[in-house]
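Q: Before I ask anything, let me first share the structure, which is written out below as structure tokens.
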Amino acid sequence: MLTLIDGLPDHVIGIRITDKLRADDYEKQLIPLVNERLEKHRKLDFLCCIDGEWKGMEAGAVWQDLRLGLGRIGHWARLAIVTDIGWMENAVKLFSVFSPGELRHFDSDEYDEARDWVCESGRARIGIELDAETGILVLEPAADKALSEDDFEAVGKAIGSYLESHERLRGIMIHSRRFPGWRSMGALFAHLKFVSSVHDRIDRLAMVTSSPLGSIADHVLDPLMLAKVRKFDYDERDQAMAWLKDS
3 MLTLIDGLPD
13 HVIGIRITDK
23 LRADDYEKQL
33 IPLVNERLEK
43 HRKLDFLCCI
53 DGEWKGMEAG
63 AVWQDLRLGL
73 GRIGHWARLA
83 IVTDIGWMEN
93 AVKLFSVFSP
103 GELRHFDSDE
113 YDEARDWVCE
123 SGRARIGIEL
133 DAETGILVLE
143 PAADKALSED
153 DFEAVGKAIG
163 SYLESHERLR
173 GIMIHSRRFP
183 GWRSMGALFA
193 HLKFVSSVHD
203 RIDRLAMVTS
213 SPLGSIADHV
223 LDPLMLAKVR
233 KFDYDERDQA
243 MAWLKDS
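Per my numbering, the sequence shown starts with residue 3, numbered consecutively.
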């Protein structure tokens, strides 16, 4: 059985599951609610609490679950699963890599933390500094924090705003000790979308990192080869900036 959780922000859909999920739970409650909220929000967050021993899903509910997840693959931001079922924690860890959004597991006594996480605003964790006079953008992802969709959305907004009044971006510096990777499949898709939208409007790209050039080429450099790319050591930030300004 499925019941909705009240008192959450409009962009967050919260459900509580007991016993067995039925196709009717999706068709009459969840899917109409998701469709309604997507008319007002580009992305949604999801809070799912599973109480007691979950007895699984009817066959029809499995289909509706796949339809809801895959059919809205670009519209989920954060998904929190709150349960004390032991195998569920391992399942969440396994499927988090393929999740349409960032997926996390929380124990039942961590409900408040899970709720705060899906309700959080201002989520970008990447440092963004755009100098409008020089046309140089400096990005500083944390080496220990995988890139999220929120990071690319924030970077895209900064660049988009600049390119509204400028033809090209003079240069981008990516300053990080190592490439942090992606938090989810959704973050990877956001990265690819970002690259395709700006790669032909960048003059130079400076990779200022301790990572070997070969280890990050597949992630960043190949899609941006229309820009002139140069690798600098992590401590050579000043030299990289001088090179970007010389374009």
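Virtual Cβ for every residue (Gly too), placed ideally from N, Cα, C.
1. Using CA atoms only, rank isn't needed, just tell me which of Gly173, Ala116, Val200 is closest to phenylalanine 154.
2. Pick helix, strand or coil for methionine 3, following the three-state DSSP scheme.
3. Given this structure, state the Cα-to-Cα distance separating valine 258 from glutamate 142, to the nearest angstrom.
4. Compute the Euclidean distance between the alpha carbons of valine 210 and leucine 40, then round it to the nearest angstrom.
5. Can you grab the Cα-Cα spacing for the pair valine 140 / isoleucine 83, in whole Å?
6. From what residue to what residue does the beta strand (DSSP E) around lysine 45 run?
7. According to DSSP, aspartate 133 sits in a beta bridge with which residue or residues?
8. From Ser212, Arg172, Glu166, pick the residue whose C-alpha is nearest to that of arginine 180; which is it?
9. Less than 8 Å separating the beta-carbons of alanine 93 and isoleucine 130?
10. Could you give the DSSP three-state label for isoleucine 161: helix, strand or coil?
11. At the level of alpha carbons, what is the spacing between alanine 156 and isoleucine 138?
12. Cβ of glycine 158 within 8 Å of Cβ of alanine 208?
13. Looking at the structure shown, is glycine 88 part of a helix, part of a strand, or coil, going by DSSP?
14. When you compare each of Arg203, Lys42, Lys45 to tyrosine 164 by their alpha carbons, which one comes out closest?
15. When the Cα atoms are used, what is the spatial distance from aspartate 235 to methionine 175?
16. Which same chain residues end up closer than 8 Å to aspartate 12 when comparing Cβ atoms and leaving out the 5 residues on each side of it in sequence?
17. Spatial neighbours of aspartate 53 within its chain, please: C-beta separation below 6 Å, excluding the five flanking residues on both sides.
18. Would you identify the three-state DSSP class for lysine 22, choosing helix, strand or coil?
19. Would you give the residue range spanned by the alpha helix (DSSP H) that arginine 39 belongs to?
20. Helix, strand or coil: how does DSSP classify arginine 179 here?
21. Span of the beta strand (DSSP E) holding alanine 208?
22. Since leucine 132 contacts glutamate 104 with CB under 8 Å, what's their CB separation in whole angstroms?
23. State yes or no: is the C-beta of aspartate 152 nearer than 7 Å to some heavy atom of the ligand GDP?
24. Using 8 Å as the threshold, is the C-beta distance between leucine 6 and glutamine 31 below it?
25. State yes or no: is the C-beta of tryptophan 119 within less than 8 Å of the C-beta of arginine 127?
26. Determine the extent of the beta strand (DSSP E) in which arginine 232 is found, giving its start and end residues.
A: Based on what the coordinates show:
1. Val200
2. coil
3. Residue 258 cannot be examined here, being either before or after the span of the chain that is shown, 3 to 249.
4. 39 Å
5. 35 Å
6. No beta strand (DSSP E) holds lysine 45; DSSP gives it neither H nor E.
7. Ile138
8. Ser212
9. no
10. helix
11. The straight-line gap separating the alpha-carbon atoms of alanine 156 and isoleucine 138 is approximately 16 Å.
12. no
13. helix
14. Tyrosine 164 has its Cα closest to that of Arg203, out of Arg203, Lys42, Lys45.
15. 12 Å
16. Arg39, Lys42, His43
17. Thr20
18. coil
19. 33–40
20. coil
21. 204–210
22. Leucine 132 to glutamate 104, Cβ: 25 Å. No contact.
23. Of the ligands one can find in the structure shown there are none, so the ligand GDP has no counterpart to examine.
24. yes
25. no
26. 230–234
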